[in-house]
Structures are given as structure tokens and as C-alpha cells.
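**Q** Once you've had a glance at the structure underneath, I'll fire off some questions.
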Amino acid sequence: MEKILKLKNVNEDVYNYIIKVGLLHLALHAFDMYVKSDFAINNITESFNVWVDKFRVFHALSMMEGIRRKMMKMMIKRLQDARSWYIVIPHLVQMKLSDRQDEARFMTILCASDKEFEVKEDVKFYIVNLETQSYDCGLWELSGLPCKHVMVVITTTRKNPSNFVHPYLTKDAYLRTYNHVIYLISDQEQ
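Last residue of the sequence shown? That's 190 in our numbering, and every number before it is there in order.
Rendered as C-alpha cells:
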């Protein structure tokens, strides 16, 4: 709350917005741990609206047909692409892991056991448990991806980072997402 009060001095409009919306809608600790995402934005609605915009000029049935065909093409392309991957972790997830690994370069760890570790970053200390896949701040549980403090432990202990990624963020989950069929429909004139 102290940082929120400091924000009031920087930009009172932003401060008022945060107070109006409520911290529970903006604070990571209030996010649903089931989601496996560390951000909450609704760009998907805007993206979808832009994506289907060219179909809005048609009457309802033709518009739905256009959207259905576009969805079919997208889903089959993503499915075929994913089937050709030779990795367990999708490229975007792998990039996030690499970024976090880079951020962790100057941290040090202290081993309490082969499962529990204390990570030192500057003057702060964090506790990481590889067995329960938990970490003090809860970001690992929230996002499904090891954060930089966890990555330094994984790297130092020479473990495979992909073993610590939530199953929702793997190639198998991606394949299951795009493996559903949008069925063909005969011409509407028939």
C-alpha cells in the first residue's frame, strides 16, 4: 500500500483509477492460481473483433460462415505447426524461460537440502522448494513458469527447466487445444 500512496504523488489520475478498480483486481496475489498466467488483460476481445471485422458487412449467416472458415484454417495451421515441433515446451514459453535465466545470472543460492534453497538477490532472500514447486512470492504457482529466482536454482543444480513448467504450458496442452474439429457445413443454398 505504501507504493500505491507514492503513486498518488506521481500521477493522481492513475492512483484514483487503482483505488476505484480495487487492488484485488490488480494485485497478483488475488489472481486465480488455476489460470497459469501472470497478467490479466482482455486484448483477446479486441483482437478477435479486428480479426473478424471484414465479415461484418455480410448478413448473419454469411458472417458466421466466414468466421467458421477462418477459425478452421487457423486451428489446422496451428495444429500442423505444433505437430512438427521437436521440443516439449513451445517457443514462446522457452523464450520466457531464457529471459528469466538471463535475469538470474548474478544471484547466489544456498542449499538447505536437494529440494530447498535460499536465493539471494542484492540484499533480499527468497525461499524456493523444487519438490513442491513453490516459491515465496507465489509467481511460479500463478504463472506456471519458474521465475528468475527459481531459474537460478534449476540452472545451478543442472536440472531441466522444462520439468518445472506447468503441463498447461507444454506442447501436449497446445496440441489438445487445437485438436478439436470445426465440422464442415454444406453450402447454405442447398
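Note that beta-carbon positions come from the ideal geometry of N, C-alpha and C, so glycine has one too.
Taking only three categories from DSSP, how would you classify T156?
**A** T156 falls in the helix class under three-state DSSP.
**Q** In the DSSP output, what is C111 paired with across the bridge?
**A** Bridge partners of C111: F117.
**Q** Please state whether the Cβ-Cβ distance between V179 and L79 is less than 9 Å.
**A** The question names Val, but residue 179 is Asn in the sequence shown. Yes, these two residues count as a Cβ contact at 9 Å.
**Q** Buried or exposed: R100, going by 16 or more other Cβ atoms within 10 Å of its Cβ?
**A** buried
**Q** In angstroms with no decimal places, state the Cα-to-Cα distance between S222 and D53.
**A** Nothing in the structure corresponds to residue 222, since the chain is present only between 1 and 190.
**Q** Sorted by chain position, which residues of the same chain lie with C-beta nearer than 6 Å to M151's C-beta, five sequence neighbours on each side aside?
**A** R100, Q101 and A104
**Q** Three Cβ pairs or more, each shorter than 8 Å: is that satisfied between the segment 121 to 128 and the segment 65 to 82?
**A** Using a C-beta cut-off of 8 Å, the segment 121 to 128 makes no contact with the segment 65 to 82, since fewer than three inter-stretch Cβ pairs fall below that distance.
**Q** Considering Cα atoms alone, identify which of S84, S134, D122 and N160 is closest to K171.
**A** Considering only alpha carbons, the answer is S84.
**Q** Figure out for me which residue from L169, I109 and D136 has the closest Cα to the Cα of Q94.
**A** Of the candidates L169, I109 and D136, the one whose C-alpha sits nearest the C-alpha of Q94 is L169.
**Q** Quick one: what's got a C-beta closer than 7 Å to V153's C-beta in the same chain, skipping five residues either side?
**A** I109, F117, V119, V128 and L130
**Q** Helix, strand or coil for V128? Go by DSSP, reduced to three states.
**A** strand
**Q** Taking the C-alpha atoms as reference points, what is the distance between K20 and E65?
**A** Going from the Cα of K20 to the Cα of E65 covers about 41 Å.
**Q** Assuming contact is defined by CB atoms lying nearer than 9 Å, are P161 and I89 in contact in what I supplied?
**A** yes
**Q** Among Y86, T156, H149 and L61, which one has its Cα closest to the Cα of D114?
**A** T156
**Q** Give the range of the alpha helix (DSSP H) segment to which G66 is assigned.
**A** A60 to R83
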